[in-house]
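The sequence shown begins at 988 in my numbering and counts up one residue at a time.
So the structure is just underneath, and the comments pick up after that.
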Amino acid sequence: MEHGDIIFVDVERSTDDLVVIAFGLQGHFRMPWREFKATYETKATAAVNRRGWNLHDLDEASESLLVHRTLEPGQLEMCRPRANKVRDSAISGERSAFD
């Protein structure tokens, strides 16, 4: 990990925003989505994209929580399949390197 890099792990909902779970040089941390984006700016975008998440979808979910305090049924779960595919692809790539 280079200085200042972030590894985006997951996201979950809270009452008024999404909560990012990530790793940085300071270790494991949790932070509200809007604060994460404001604090880390382009590094946040890169970390989210590397893990297969769609920034626009997460922004929409965050906005929905802020304004309506609710998400559409399955809104956050619909973001996960692409992220899971990226993760699974990375894992199989690592396994094949050892074969």
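Virtual Cβ for every residue (Gly too), placed ideally from N, Cα, C.
Cut-off 8 angstroms between Cβ atoms - residues of its own chain near S1051, not counting five sequence neighbours on either side: T1057, L1058, E1059 and Q1062
Of the listed residues R1017, I994 and I993, nearest to R1000 (C-alpha basis): R1017
Y1027 versus R1038, G1039, A1009 and N1041, residue with shortest Cα-Cα distance: A1009
Limits of the unbroken alpha helix (DSSP H) element including R1037: W1020 to R1037
Where L1076 falls, given that 16 or more other Cβ within 10 Å makes a residue buried: It should be noted that the sequence gives Ser, not Leu, for residue 1076. Exposed: under 16 other Cβ atoms inside 10 Å.
Where R1056 sits in the DSSP three-state scheme: Coil.
L1005, DSSP secondary structure in three states: The three-state secondary structure of L1005, taken from DSSP, is strand.
Candidates L1005, D992 and V1006: closest to Q1013 by CA position: D992
Rounded C-alpha distance that separates V1035 from L1053: 20 angstroms
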